[in-house]
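What follows is a set of notes on a single structure, which appears directly below.
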Amino acid sequence: MAPVIVTFLSDFGLEDWFVGVVHGVILTRCAEARVVDLTHAIAPGDVAHGAFVLEAAAPDFPPGTVHLAVVDPGVGTRRLPLAVRARGQWFVGPDNGLLEWALLDPGAEARALADARHFRAPVSRTFHGRDVFAPVAAALAGGARFEELGPVVRAPVRLERPRPSLREGRLVGTVLFVDRFGNAITNLTGEDIAAAFPGAGDDALEVEIFGRTVRGVSRAYGDSPVGTLVAILGSSGRLELAEVNGHAASRWGIGPRDHVVVRRSA
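First residue of the sequence shown? That's 1102 in my numbering, and the numbers climb one at a time after it.
Listed below in structure tokens is the structure:
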């Protein structure tokens, strides 16, 4: 059979053996799998961060890809283990909102992982990434039927996503997370901005956070002098606040859930 891609995203970090042993479980059960590490630097327990990264990365993988995502602060509790079939791909992880992008697909189907034949035994109460999710991802990569994994879940947990709002000519958004460069990535997309301000060019807008105003939306990080706070549409298509050759979050005190406002320049 042709190799099937299994992506792997987690908050495990790389200091311990957790990532490596999950690779081992997958390859033991499906030697043909091609495991691609998306990232293991998700902030510990930050489901929203993991969901954003999965949403940003999954569209660039081919149909048939299996996405294994483990950010699971509720491991060992009554939260369900889940698999979702959506967008021509499979998603495996905890039922805690992490798989939100898959669930946004109107044709998405979610199933609880109930067939213990696919699990690694014994199942630890603290490491379902190794004992439940990884072997199920491997099973799907090896051709297991999605319908046999377990019963349909009619109401999977959904992620509470902050929504942009437009009030009196002000488009209000929220910082979702800060990347390793210190860029504050918001929930405002280029489409949101274009719809709110039709016909407005990048130079006709300004962005405000904490009372500080950024004039215009830059096309590149280096278009302004070093140390300047800039607004830019990043590679994810979302508005970011960044400092040229610096760390915007630490210098300007920007963090998740902070509000940002876009408006036409005065």
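Idealized CB from N, CA, C, for every residue including glycine. The structure displayed is predicted, hence computed values, not measured ones.
Asked: Spatial neighbours of Asp1147 in its chain, beta-carbon cut-off 8 Å, leaving aside the 5 residues before and after; Found: Asp1112, Val1172, Phe1278
Asked: Local conformation of Arg1218 per DSSP, three classes; Found: helix
Asked: Between the CA atoms of Glu1269 and Thr1129 - distance to the nearest angstrom; Found: 58 Å
Asked: DSSP-derived helix/strand/coil call for Ile1294; Found: helix
Asked: Sheet register partners of Leu1115 (DSSP bridge); Found: According to DSSP, Leu1115 bridges with nothing at all.
Asked: Close-in-space but distant-in-sequence residues of the same chain around His1219 (CB under 6 Å, 5 per side omitted); Found: Pro1236, Val1237, Ala1240
Asked: Beta bridge counterpart(s) of His1168 as assigned by DSSP; Found: Thr1108, Phe1192
Asked: Cβ separation of Val1136 and Val1107, assumed to be a contact under 8 Å, to the nearest whole Å; Found: 5 Å
Asked: Distance between Val1120 and Thr1140 (C-alpha atoms, nearest Å); Found: 10 Å
Asked: Three-state class that DSSP yields for Glu1261 in the structure shown; Found: coil
Asked: Straight-line gap, Ala1132 to Asp1280 (C-alpha atoms, nearest Å); Found: 33 Å
Asked: C-alpha gap between Ala1158 and Asp1138, whole angstroms; Found: 11 Å
Asked: Residue interval of the beta strand (DSSP E) (run including Val1154); Found: Element bounds for Val1154: not the beta strand (DSSP E) but the alpha helix (DSSP H), 1148-1158.
Asked: Nearest residue (CA-CA) to Leu1289, options Trp1118, Glu1116, Phe1153, Leu1110; Found: Phe1153
Asked: Coil, strand or helix - Ala1203 by DSSP; Found: helix
Asked: Presumed contact (8 Å Cβ cut-off) between Glu1309 and Gly1328, rounded CB distance; Found: So it is not a contact: roughly 19 Å between Cβ atoms.
Asked: Val1253 (DSSP reduced to helix, strand or coil); Found: strand
Asked: Member of Leu1183, Leu1342, Leu1214, Ala1215 whose CA lies at the smallest distance from the CA of Glu1201; Found: Leu1183
Asked: Val1254 vs Leu1181 beta-carbon contact at 8 Å; Found: yes
Asked: Buried or exposed (CB count within 10 angstroms, at least 16 for buried), Asn1197; Found: buried
Asked: Supposed contact pair Val1276 and Ile1355 - C-beta distance, whole angstroms, cut 8 Å; Found: 6 Å
Asked: Rounded distance between the beta-carbons of Thr1227 and Val1176, thought under 8 Å; Found: 6 Å
Asked: Spatial neighbours of Arg1259 in its chain, beta-carbon cut-off 8 Å, leaving aside the 5 residues before and after; Found: Gly1198, Glu1201, Leu1204
Asked: Three-way DSSP call (helix, strand, coil) for Ile1068 in this model; Found: What is shown of the chain runs 1102 to 1367, which leaves residue 1068 out entirely.
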